[in-house]
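Everything in the sequence shown is counted per UniProt numbering, starting at 1 for the first residue and increasing by one. Below: the structure, in structure tokens.
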Amino acid sequence: MANGSGGGSYPSGGGGGLRMSNNINANNLNTDSSSSPVNVPKMDALIIPVTMEVPCDSRGQRMWWAFLASSMVTFFGGLFIILLWRTLKYLWTVCCHCGVKSKEAQKINGGGDTQADGACKPTDEKEENVAAEVGWMTSVKDWAGVMISAQTLTGRVLVVLVFALSIGALVIYFIDSSNPIESCQNFYKDFTLQIDMAFNVFFLLYFGLRFIAANDKLWFWLEVNSVVDFFTVPPVFVSVYLNRSWLGLRFLRALRLIQFSEILQFLNILKTSNSIKLVNLCSIFISTWLTAAGFIHLVENSGDPWENFQNNQQLTYWECVYLLMVTMSTVGYGDVYAKTTLGRLFMVFFILGGLAMFASYVPEIIELIGNRKKYGGSYSAVSGRKHIVVCGHITLESVSNFLKDFLHKDRDDVNVEIVFLHNISPNLELEALFKRHFTQVEFYQGSVLNPHDLARVKIESADACLILANKYCADPDAEDASNIMRVISIKNYHPKIRIITQMLQYHNKAHLLNIPSWNWKEGDDAICLAELKLGFIAQSCLAPGLSTMLANLFSMRSFIKIEEDTWQKYYLEGVANEMYTEYLSSAFVGLSFPAVCELVFAKLKLLMIAIEYKSEKRESRSRKRILINPGNHVKIQEGTLGFFIASDAKEVKRAFFYCKACHDDITDPKRIKKCGCKRPKMSIYKRMKLACCFDCGRSERDCSCMSGSVHSNMDTLERTFPLSSVSVNDCSTSLRAFEDEQPSTLSPKKKQRNGGMRNSPNSSPKLMRHDPLLIPGNEQIDNMDANVKKYDSTGMFHWCPAKDIEKVILTRSEAAMTVLSGHVVVCIFGDVKSALIGLRNLVMPLRASNFHYHELKHIVFVGSLEYLRREWETLHNFPKVSILPGTPLSRADLRAVNINLCDMCVILSANQNNIDDASLQDKECILASLNIKSMQFDDSIGVLQANSQGFTPPGMDRSSPDNSPVHGLLRQPSITTGANIPIITELVNDSNVQFLDQDDDDDPDTELYLTQPFACGTAFAVSVLDSLMSATYFNDNILTLIRTLVTGGATPELEALIAEENALRGGYSTPQTLANRDRCRVAQLALYDGPFADLGDGGCYGDLFCKALKTYNMLCFGIYRLRDAHLSTPSQCTKRYVITNPPYEFELVPTDLIFCLMQFDHNAGQSRASLSHSSHSSYSSSKKSSSVHSIPSTANRPNRTKTRDSREKQKKEMVYR
């Protein structure tokens, strides 16, 4: 191949051997020209040398103008034809329009009918011909439009193919740019020219399709893609004809990159606006950059035409790319620059546009790349490892609290991966938290309302989905609505997923029942923060300090050891306890619940408070119930699930591993491990036979519980009544049901555990315990119960007909004359605009039916009447409720309700303040608390108490029988200072707890559970309920147990009823509803007097535990002790703190109050039958509703003769709250 250049320089961008030969030829030309400069004309600069390999022009003339002319002629020629066609068409249209007008004028002037008809015929024929022609052209045009559009598969393939071939032609240009600008090439031997020719033939055909489909031919001719085709396609055909190659304007193919985003959209690769915008900016920037570099490469390697191309310089294409970049960025190193006039002129205009493009496009591109979702991937499930999805309110505080409890070391090995899904990317602190737990935590940006994002986190294979709520939002209803929508979206995507969600308002839980796939039986749970928060506070009204104890039980806390003998030492030992569940060993089968509790506590160092069983009644076959301290009548069966309080999950395993043969003589519970003994298996017939014999009291030979039909159908019987679900006390009922009805196979559902069963109210009388209809002397009460609605339709709560709010409003003078005592004062801050907090959840536990009517504490609300009117619709069916309109900050209002004589003062706030300073969120509650504590009272009420009670020792009630398990209610001691008034304050911000007690030394950074007000039970924050999310996930029974304890007996059926009517419905007393009263409740037992007085002074807690359990079926589980009881010197401090589950050998002091689960006592209501429906207006009846119980016995009857002086001395040393 021969190449050359004119003027002694060689226009090339490449090198190699070819360049050396060309340089030699060029040097020869230079030598010849220098020796005879006069004889060489100017045109010699255009001569290129010729070799024998390529038959180029013998004269060596450069033909660049031929390539350029082909493009210019094509462009301007076509443009001229289009304009000429438009001109002729316009003239034809004008002429036809004039002709039509003249014919219409002739018709108007009265032309003959014959002439008119003759004129119309040829016109109609022309219109038909035009219509046929237009129809044919339209079809072709539509076909061409379909071929080049992306609406069909053929069109998409064609569009993508054209773009790919354009990029291929651009790559060929990059390859050829290393060759001279113009060179001789043989089409039949040059492979790249052949490929380029094939590409351009295809481009020509595609150009024809585009031209046919174009509506406006003129604008199509001026399009960028058309201009690219004009200057790239014709030169290829000229190259074949001239056996030459001119690099020319082939760089314009880079402009096709502008369509890159469209191609990606056609392929459904780009879907988001940000990605489309990013690709658009990048493609425009790169295509402009490469095109400008191609022009500089052309002019710099060719030179200026008016300089006979003698001022050229050799630059490679990539050097020109570098030159354009440093020029656009205004850096301009100067190592490469344009020498030609055309190049410099182009650079002047390019700097103006390129600099503007660089300054605007590059920052935007960087911003889009920086804003690209860092957490936009998809979760990859790990085989053998479960994962949960956490969404909702994802913040540093909520996530840190959740992870701290979920990943606590006391949970053994948590083999669960946590996937957080939120639509806002995490901040730096939250991102650092995720990185610290990177082995078990992943974060993805997205929304659960988007099915695509749910698919990204593999929600269909997730073990559960947890939804967190914003507890501090200004609009709780809106927050609940958001979470309900999240539940709907998740359930719509995957109905079987288990969902645990937080709800702020109790009335919004009803909306979850409207979701068809919501099923609490399959593990779906709604943790209502308002319900539990107010339930905890209500239980503290009955047993002060209980809210702290329960909150610590379901929160995972590590054991903190303190050597000093301070109250913190004993408190933190109890804080380390949590609630666990474990199946009981077969060694406990057949024992009563109290016997197992005693054995487990004394030998295994565990505290069992409840068991789970599954009802075998046909109408509620698969329903599970939890029995809390059920009593002697419940026997442990095979596979019974127990609820334990322990410090570690490993300790609870002892109840499962315990073997009487192997571990009976072991004193160290840590040595109780799994043994090799096989559990004795008994046939179902033998098991049921023994159970029936135990029931009927006959020998196995004489027992006739099982008929011959049962013997003959033992296989069917074993399938119908599994061994693990047979109750000792229900076996006769089950057998009779088997004989009378067709057996139905019971297939236990997933995660349902069988356990001990409590007796149905329909069982035989000998199987029932404390049936109120069977107690002698109750006929009058029973008749009254049958005719009067005293309880709601479920029998779980006291009920009265709806009362108008005006009838319960007290003026300040009326409240003062009532002489309230032993009541509950609820100070509520709120107004017309405040969100409702659901005071019904506070009142319901205080109106539980396992209290007798005379034991109900009167409730007095002090607050804004406008707010209480809004709450009254849910409160008007509860008895003993009064309202004093006023403000909790008014001391006159507080004195009017005898706040110094109340059993508990509750301070709540319904105002959700959007205040930037978190310390000001609880200002109202803190001010009210400090206001009450600074009040002073006289001791005149103490004289009234002495006169009305005579000299009966504290805790003795002469109206109650001596042999009653629970009689005598502790009388409230006189209070002279507000600091001794029992108060529980609700806080929004945990750190504000430091302001409640002015005499404590709590650090502001101390965690809430370590502060003195929380340990004493005088402060409660909703944040402690965060731990329930993880506790419910690991064990769905924990939430059921907590709700049973704190709500007074709320059930799913009751929630469905409230969701239907938004109010409790009264019902007549039936054996079924009255049986619901027979459930235990939390109380406090005083040790200063009664049958346990001997243990109160230096006695052992374990002995007290066993004695209370054996004698009265009371289950003790904690101590409420004076803060300074450990000091040797007497202290005047009346504050108490909570000790959860003390060890067996823990030493007691006389001032201790014992938390216990007390059985319902029917006898306690007999002597009060006349008071069941009396008003609560007199002080003599109201003073008897304290929650601290003393249990005197006949052995302690001489104690009643103590002198008043000794009692007064005792009152100074002991505080009963």
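Don't be surprised by glycine CBs; every beta carbon is placed ideally from N, CA and C.
Item: Is the beta carbon of K670 closer than 8 Å to that of F657?; Value: no
Item: To the nearest whole angstrom, what separates the beta carbons of I883 and V825, a pair I think is in contact under 8 Å?; Value: Contact flag wrong, Cβ pair sits at about 12 Å.
Item: Touch check for the stretch 463-474 and the stretch 1025-1038: three-plus C-beta pairs under 8 Å?; Value: yes
Item: Give me the DSSP bridge partner(s) of residue 1292.; Value: Past the edges of the chain, shown from 1 to 1217, lies residue 1292, and the structure says nothing about it.
Item: Between which two residues does the beta strand (DSSP E) harbouring R1136 extend?; Value: R1136 to T1140
Item: Alpha carbon to alpha carbon, how far is A481 from N508?; Value: 8 Å
Item: Only counting the same chain, and skipping five residues up and downstream in sequence, which positions put a Cβ closer than 7 Å to that of E866?; Value: D831 and V832
Item: Taking the Cβ atom as the reference point for each residue, do R486 and G392 lie within a distance shorter than 8 Å?; Value: yes
Item: Can you list, in chain order, the stretches of the beta strand (DSSP E) that have 3 or more residues and sit fully within the stretch 821-895?; Value: 824-829, 859-863 and 881-885
Item: Mapping the DSSP letters down to three states, classify Y1068 as helix, strand or coil.; Value: coil
Item: Can you tell me where the beta strand (DSSP E) with C905 in it begins and where it stops?; Value: M904 to S909
Item: Let me know if F559 comes out buried or exposed under the rule of 16 or more other beta-carbons within 10 Å of its beta-carbon.; Value: exposed
Item: Taking only the alpha-carbon atoms, compute the straight-line gap between E619 and Q1072 and give it to the nearest angstrom.; Value: Only weak support is given to the placement of E619: the predicted model assigns it a pLDDT of 41, under 50, and the value that follows is read from those uncertain coordinates. Rounded to whole angstroms, E619 to Q1072 spans 14 Å at the Cα level.
Item: Look at the Cβ atom of I636, then the Cβ atom of F593, and state whether they are nearer than 8 Å.; Value: yes
Item: Can you tell me the Cα-Cα spacing of W306 and N186, whole angstroms?; Value: 30 Å
Item: Give every residue of the same chain whose Cβ lies closer than 7 Å to the Cβ of V140, excluding the five residues on either side of it in the sequence, and list them in chain order.; Value: I212
Item: Alpha carbon to alpha carbon, how far is G78 from F230? Give it in angstroms, no decimals.; Value: 10 Å
Item: Among F76, S329 and L1115, which has the Cα closest to the Cα of F644?; Value: L1115
Item: For the alpha helix (DSSP H) that contains F163, what are its first and last residues?; Value: L153 to D176
Item: For the beta strand (DSSP E) that R1121 lies in, which residues bound it at each end?; Value: L1115 to L1122
Item: In whole angstroms, what is the alpha-carbon distance linking D1036 and G523?; Value: 7 Å
Item: How is the beta strand (DSSP E) around R1081 delimited, first residue to last?; Value: R1081 to A1086
Item: Taking DSSP as the reference, what is the three-state secondary structure of M608?; Value: strand
Item: Alpha carbon to alpha carbon, how far is S1193 from L641?; Value: In this predicted model, S1193 has a pLDDT of only 41, less than 50, meaning its place in the structure is not dependable; the value taken from the coordinates is given anyway. Cα to Cα, the separation comes out at about 36 Å.
Item: Per the contact definition of three or more C-beta pairs closer than 8 Å, is the stretch 787-807 in contact with the stretch 869-881?; Value: yes
Item: Per DSSP, A1021 is paired with what?; Value: L987
Item: Could you give the distance in angstroms between the alpha-carbon of Y1112 and the alpha-carbon of L920?; Value: 48 Å
Item: Could you give the first and the last residue of the continuous alpha helix (DSSP H) run that contains E319?; Value: Y317 to M328
Item: Identify which residue in F75, I276 and V159 has its Cα closest to the Cα of K217.; Value: F75
Item: By the DSSP assignment, the alpha helix (DSSP H) with F601 in it spans what residues?; Value: F593 to K603
Item: Quick check: what's the CA-CA separation for F1155 versus S547?; Value: 12 Å
Item: Going by DSSP in three states, P776 sits in which element: helix, strand or coil?; Value: Per-residue confidence for P776 stands at a pLDDT of 34, beneath the threshold of 50, marking its modelled position as unreliable; the derived number appears in the next sentence. Coil at P776, not helix or strand.
Item: I'd like to know whether the C-beta atoms of N552 and S647 end up nearer to each other than 8 Å.; Value: no
Item: Output the distance between the C-alpha atoms of M817 and D903, rounded to the nearest integer angstrom.; Value: 19 Å
Item: Of the residues T192, G168 and Y188, which one's Cα is nearest the Cα of N179?; Value: T192
Item: Grab me the residues of L1095's own chain with a C-beta within less than 8 Å of its C-beta, minus the 5 sequence neighbours each way, in chain order.; Value: L1087, D1103, L1104, K1107 and L1148
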